[in-house]
Each structure stands twice: as C-alpha cells, then as structure tokens.
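As structure tokens, the structure follows; a few thoughts come after it.
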Amino acid sequence: MSEYITIKEQKIPIVKETDVIVIGGGVAGVAAAVAARRNGAKVTLIEKSIVLGGLATLGHVCIYLPIDDGVGHKVYGGLVEELLHTCIKYGYDTLPDAWRDKPESAPIEAGRYQTNFNIPAAILALDELTENEGVEVVFDTVFSEPIMDGKTVKGIVVENKDGRTAYMAKMFVDASGDADLVFRAGAETESSKTIVSHWFHELDFDIMKRGIEKNSMPLATPLRWLGLAPDENNEGKDDLMCEGATNEGVNKYIKLSRHLALDFLKEHQSEDFCMISLPFMPQFRTTRRLVGKDELKFDGEYHIESSVGCVIASLANPAVVYEFPYEGLISDKLSNVLAAGRMTSARGRGWDIMRNIPACVMTGEASGTAAALAVKNGCTLQDLNVKELQDTLEKQGVKLHRKPECEGNINLPKPVTKPVERKEGEPNISMTSMVHFESSDTKISGRH
Ligand SMILES: Cc1cc2nc3c(=O)[nH]c(=O)nc-3n(C[C@H](O)[C@H](O)[C@H](O)COP(=O)(O)OP(=O)(O)OC[C@H]3O[C@@H](n4cnc5c(N)ncnc54)[C@H](O)[C@@H]3O)c2cc1C
C-alpha cells in the first residue's frame with residue numbers, strides 16, 4: 369500500500385473576498401476581529417466550533433486573570449478591560465467593587481482586578497459584541513490550508529457543510545491557538561506538550577446550600593479541577609503529557625482527561641451530586657506557537673521600544689510587568705499574517721506568561737489593529753509604521769509601557785490576593801485555591 373494518495377485537481381469556489389480574516393474565535397480572535405473592524409476593515413472570523421470564547425468558554429477556563437499589578441495599578445486597558453466586562457455583562461462575577469467602574473487604580477486591600485464568569489452568559493455577550501461591531505462570524509468551519517503566493521497568503525481553504533470553499537483576504541490573523549495557519553504557510557513554529565488536567569462544573573447539594581447562604585452563584589456551582597497542575601514538578605509524568613498540534617495527541621488528551629472525569633464520577637455518584645458540564649474543547653495550555661521576528665523578553669529587559677502592550681508576569685508576589693514587542697506577532701517568512709493569543713512568540717516561561725486570557729486579548733487587539741492599518745496603508749506587516757500602530761492602540765486605551773510608579777516593582781509592597789472562603793473538600797473556584805483529584809487508574813500524583 370502506498371503511503372500517499374493523490375487528489376485530482378479540484379475547483380474550489382471562492383465565497384468571500386474581504387480585508388481581514390481571523391482564524392479562531394477564542395478571546396484573542398474576538399479581540400483581533402473587533403479591533404480590525406473598529407479600525408475600518410471588513411472582517412470575517414472563521415471558527416471551527418459553534419461558540420466564541422475558545423478555551424475561556426468551551427474549555428471552561430472561566431477565570432479572567434488579573435489585569436492589575438497587584439499593588440493597585442491597572443496594567444491592561446483597551447479591549448482587555450472591555451472583554452473582562454463583556455464576559456460578566458449578563459452573568460455573575462467575583463470582581464471587587466473598587467474596580468467595577470474601571471478606575472486606573474484602587475487600594476491594594478480592594479483585591480485583584482480579576483473575575484470568574486458564567487460561561488453561557490459570556491458566550492452570548494461575545495455573540496452580541498461581534499454582531500454589533502459588524503464582524504462576520506462563520507461558525508462550524510475549519511481552516512484547512514493556505515493559498516500562497518510567495519510569502520503572501522492570498523486566501524484560505526476551509527471545510528464545512530458546504531464542502532471545501534475559499535476565503536480571500538488582504539491580511540490574516542492566526543488566532544487558532546495552535547498556529548495552524550502560520551505553520552501551514554511555512555513560518556517557523558515551536559511545539560510543546562501539555563499536562564492533562566480537566567475542569568468542569570458540578571452541583572453538590574451541600575456545597576450549593578453554602579453558596580445559597582452566601583448568595584454566591586460561583587460558590588454554589590463550582591469548578592472542579594482534575595489531573596495535574598502546571599505549577600507542580602511534573603517531571604517523569606510523560607504518560608500524562610500530550611501534544612496539542614497532532615491528532616494523536618489531541619485524542620490522547622481527550623481520552624485521558626475523560627477517564628479522569630469518569631473515575632471521579634464513579635467515586636462521587638450520589639443523589640445529591642451531579643456534573644453539570646464537561647469541557648467541549650481539550651484543555652491544552654501550550655501546543656504550537658510562532659517563532660517570530662522577536663519575542664517576549666523577561667530577563668530584566670523591561671522597556672521595549674516597539675511595545676504593543678504590557679503583560680503581568682505571574683500571579684506570585686509582586687506582579688512584575690513586561691512589554692510585548694510588535695515583532696513578536698509577525699515572522700519575516702510571511703508578509704501578511706499576524707499571530708494572536710496563546711500562540712504568539714514567547715518561549716519557556718514567557719509562553720506561560722503570554723497564554724493568560726488578558727495577555728491573549730492584548731495581542732489579539734494589537735494584531736487586529738495592525739492588520740487593519742496595513743490594509744489601509746497598503747503595506748506589508750514588515751513595513752508597517754509601528755509608531756502609527758502604537759498611537760492607534762493608545763487611543764484605544766492600551767497601555768504600551770509600564771507606568772513610572774510600577775518601575776522597580778521588586779520594592780513595592782506585597783499585593784493582596786483575597787483568600788477564597790472554602791471549606792475542606794470543597795472544589796476550587798479560583799486559581800488561588802485548588803483541589804485536585806487523583807485517578808487510581810492513571811496514577812496521577814498531583815496536589816490534593
Ligand atoms: C486548564 C487551563 C487552565 C487555565 N487557567 C487560566 C485561568 O485561570 N485564567 C486565565 O486567564 N487563563 C487561563 N488559561 C489560559 C487561557 O485560558 C488560554 O490560554 C486562552 O483562553 C487562549 O485564548 P486564545 O484565543 O489564544 O486561544 P483558544 O482559546 O485556544 O481559541 C482558539 C480558537 O480557535 C478555534 N480554532 C482552532 N483551530 C481552528 C481551525 N483550524 N479553524 C477554525 N477555528 C479553529 C478554536 O475552536 C478556538 O475557538 C488556562 C488554560 C488551561 C488549558
């Protein structure tokens with residue numbers, strides 16, 4: 369049997385010619401699409417699932433991590449702040465009151481500018497936002513391959529109920545999380561494995577009663593975390609590491625994580641307990657990313673001339689702030705493709721910094737804005753006037769550089785992260801209080 373088959377030449381109908389195509393409707397893709405639209409571009413967003421939000425909704429990662437530096441200063445503005453409020457517009461939140469009206473700063477004791485959100489409410493609010501902005505969202509459609517002309521992507525072939533069709537555009541934002549377009553178009557990428565973990569929502573009468581007593585919906589319908597934690601030493605647990613950029617890896621991840629869930633269910637099955645949802649997207653942290661013209665630097669180099677936004681380095685104390693270069697969104701191998709979200713250019717710990725929701729939205733906004741400006745100016749991404757991009761981003765409320773009061777934050781007082789009230793055995797609802805479950809079958813030695 370031959371290893372390959374040859375498909376005869378196919379005529380593929382062109383169904384769209386537009387300014388900007390965004391691949392992937394996670395938080396980064398939504399930000400990119402909205403930003404490009406607001407800067408005058410016609411935008412089509414291609415999403416393989418049937419909802420927006422990606423990992424933040426389908427993947428049950430319904431915790432919008434802090435957008436402040438932990439010592440009272442807002443670090444992100446623009447769409448990062450706007451999407452946080454979009455996610456809680458029609459649902460519950462855990463946002464401290466002091467940050468509710470979007471101030472520039474708040475007393476340290478107020479707590480972090482972060483929130484949990486209700487997944488269905490966020491999905492519907494993201495639908496509304498993209499619709500109101502005039503983004504054409506095409507659901508249930510998977511990007512398949514680029515149509516190349518040298519270093520330029522002229523269009524993409526997608527697959528959906530209509531079969532194979534082509535979408536043509538001047539600029540592209542790859543927000544697939546897995547660098548599907550930049551990889552297939554020939555730019556350099558790096559792949560990585562992810563630990564197996566599984567978040568889902570559960571209902572337990574006892575926990576629910578305590579949530580009702582506290583008038584707290586997130587406490588009443590908490591998230592449960594199964595599997596490994598990224599901050600543990602996971603060396604030697606190769607069996608529980610999967611590659612998200614291969615079909616084999618994706619299937620391994622799905623099956624392992626679902627075994628964990630089933631083991632848990634078998635152990636907890638009772639009349640007063642049920643799972644109320646499972647993730648509908650594999651919860652990969654890092655899969656494949658662009659190796660860009662530049663990347664996030666986090667070795668003491670704080671000021672970046674071509675910064676398109678700030679990112680906080682970690683939840684640990686104190687929050688250190690870095691700046692992300694425009695060149696981390698592009699590659700010299702492609703004249704009209706930008707990366708956005710968890711697949712932007714950052715290595716090692718930097719990749720972990722860039723994959724949090726706020727950082728993903730920040731690079732989404734930067735990519736979408738850059739794409740629209742490049743269309744307007746008729747130039748390549750390499751020739752884009754970065755100063756013009758920065759001025760535009762600043763007008764949109766993006767904070768390009770660290771504020772002087774954040775400089776030398778090594779000496780700042782310790783940030784206050786309010787502890788989440790939780791009785792022994794209760795599931796976690798926040799990154800700061802995790803409860804893990806170990807499956808006897810898969811022999812995971814995570815933290816309890
Ligand atoms: C277990 C876990 C816990 C986490 N905890 C937190 C947390 O508490 N707080 C936080 O801020 N961050 C957290 N993160 C990180 C964060 O959730 C993600 O990194 C972030 O949401 C990624 O957003 P994105 O838009 O870049 O990518 P994604 O959310 O991955 O979105 C990519 C989108 O592209 C679509 N897509 C993919 N391929 C194609 C294709 N070929 N064609 C068409 N569409 C395609 C997908 O369906 C998806 O909608 C966590 C991540 C994991 C996995």
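If you use our numbering, the sequence shown corresponds to residues 369 to 816, in order.
Using N, Cα and C, we set each Cβ at its ideal position, and we do this for glycine too.
Residue i classed as buried or exposed, judged by whether at least 16 other C-beta atoms fall within 10 angstroms
| i | result |
| --- | --- |
| valine 383 | exposed |
| threonine 374 | exposed |
| glycine 696 | buried |
| aspartate 640 | exposed |
| leucine 749 | buried |
| isoleucine 380 | exposed |
| glutamine 651 | buried |
| lysine 410 | buried |
| histidine 566 | buried |
| tyrosine 372 | exposed |
| glutamate 496 | exposed |
| valine 388 | buried |
| aspartate 751 | exposed |
| glutamate 449 | buried |
| arginine 723 | buried |
| aspartate 461 | buried |
| glycine 716 | exposed |
| phenylalanine 573 | exposed |
8 Å contact criterion, which residue i and residue j should meet: CB distance rounded
| i | j | result |
| --- | --- | --- |
| isoleucine 725 | serine 544 | Wrong, their Cβ atoms sit about 16 Å apart, outside the cutoff. |
| valine 550 | threonine 557 | 6 Å |
| glutamate 377 | methionine 536 | The Cβ separation is near 19 Å, so there is no contact. |
| phenylalanine 648 | leucine 594 | Going by Cβ atoms, the distance from phenylalanine 648 to leucine 594 rounds to 16 Å, so no, they are not a contact pair. |
| arginine 824 | tyrosine 670 | Beyond the ends of the chain as shown, which are 369 and 816, falls residue 824; an answer cannot be given. |
| leucine 702 | alanine 555 | 5 Å |
| valine 395 | glycine 732 | 7 Å |
| lysine 661 | serine 699 | 6 Å |
| glutamate 663 | alanine 714 | 5 Å |
Same chain only: Cβ atoms within 8 Å of residue i, ignoring 5 sequence neighbours per side
| i | result |
| --- | --- |
| threonine 589 | His569, Glu570, Leu571, Met576, Gly579 and Ile644 |
The beta strand (DSSP E) enclosing residue i, as first and last residue numbers
| i | result |
| --- | --- |
| glutamate 513 | 510 to 517 |
| aspartate 542 | 531 to 542 |
| tryptophan 567 | 565 to 572 |
| aspartate 387 | 382 to 391 |
| asparagine 528 | 520 to 528 |
| methionine 722 | Methionine 722 -> not in any beta strand (DSSP E); alpha helix (DSSP H) instead, spanning 717 to 722. |
| alanine 401 | Segment 395 to 406 is the alpha helix (DSSP H) holding alanine 401; no beta strand (DSSP E) there. |
| alanine 707 | 705 to 707 |
| valine 754 | Run containing valine 754: none in the beta strand (DSSP E); it sits in the alpha helix (DSSP H), 754 to 763. |
| glutamate 496 | Looking at the DSSP string, glutamate 496 is not in any beta strand (DSSP E); the run it does join, the alpha helix (DSSP H), is 487 to 501. |
| valine 429 | Premise fails: valine 429 is in no beta strand (DSSP E) and is neither H nor E. |
| phenylalanine 692 | 689 to 693 |
| valine 676 | 675 to 680 |
| valine 505 | 504 to 506 |
| threonine 557 | 557 to 559 |
Closer than 7 Å: residue i CB and nearest ligand 3 heavy atom
| i | result |
| --- | --- |
| lysine 384 | Ligand 3 is not part of this structure, which contains only ligand 1. |
Extent of the continuous alpha helix (DSSP H) run through residue i
| i | result |
| --- | --- |
| lysine 620 | 615 to 636 |
| methionine 585 | 585 to 588 |
| methionine 643 | It is not in any alpha helix (DSSP H) - methionine 643 instead sits in the beta strand (DSSP E) that spans 641 to 645. |
| cysteine 728 | 725 to 745 |
| phenylalanine 652 | Run containing phenylalanine 652: none; DSSP gives neither H nor E here. |
| arginine 592 | Premise fails: arginine 592 lies in the beta strand (DSSP E), 591 to 595, not in any alpha helix (DSSP H). |
| glycine 446 | 446 to 455 |
| leucine 413 | It is not in any alpha helix (DSSP H) - leucine 413 instead sits in the beta strand (DSSP E) that spans 411 to 414. |
| valine 443 | Unbroken run through valine 443: none, as it is neither H nor E. |
Beta-carbon contacts of residue i that lie in its chain and below 6 Å, excluding the five residues immediately before and after
| i | result |
| --- | --- |
| lysine 457 | Ala493 |
| glycine 776 | Note that glycine 776 scores a pLDDT of 46, beneath 50, so its modelled location is shaky; the value from the coordinates is reported in the next line. Result list for glycine 776: empty, nothing under 6 Å. |
| phenylalanine 507 | Glu415 and Ile418 |
| leucine 452 | Tyr432 |
| isoleucine 515 | Lys522 and Gly523 |
| glycine 422 | Gly394 |
Same chain, Cβ closer than 7 Å to residue i, neighbours up to 5 away in sequence not counted
| i | result |
| --- | --- |
| aspartate 344 | Residue numbering for the chain in the displayed model covers 369 to 816; residue 344 lies beyond these limits and cannot be assessed. |
| serine 674 | Pro693, Tyr694, Glu695 and Val754 |
| leucine 463 | Ile456 and Thr483 |
| lysine 561 | Met609, Cys610 and Glu611 |
| glycine 459 | Phe485, Asn486, Ala489 and Ala490 |
| valine 743 | Asp387, Val388, Ala409, Lys538 and Met539 |
Closer than 8 Å to chain B by CB, residue i
| i | result |
| --- | --- |
| glutamate 600 | You won't find chain B in this structure, because it holds only one protein chain. |
Quiz prompt | Segment contact flag, the region 755 to 763 with the region 483 to 492, C-beta cutoff 8 Å, min 3 pairs | solution = no
Quiz item: Counting pairs of beta carbons, one from the region 673 to 683 and one from the region 614 to 631, are three or more of them closer than 8 Å?
Solution: no
Self-check item: Contact between the region 648 to 663 and the region 598 to 616 (3+ Cβ pairs under 8 Å)
Solution: yes
Quiz item: Do the region 698 to 714 and the region 390 to 405 make contact, defined as three or more Cβ pairs closer than 8 Å?
Solution: yes
Quiz item: When the Cβ atoms of the region 518 to 526 are set against those of the region 403 to 410, are three or more pairs found closer than 8 Å?
Solution: no
Practice problem: Could you tell me whether the region 731 to 746 touches the region 525 to 540, where touching means 3 or more Cβ pairs closer than 8 Å? | Solution: yes
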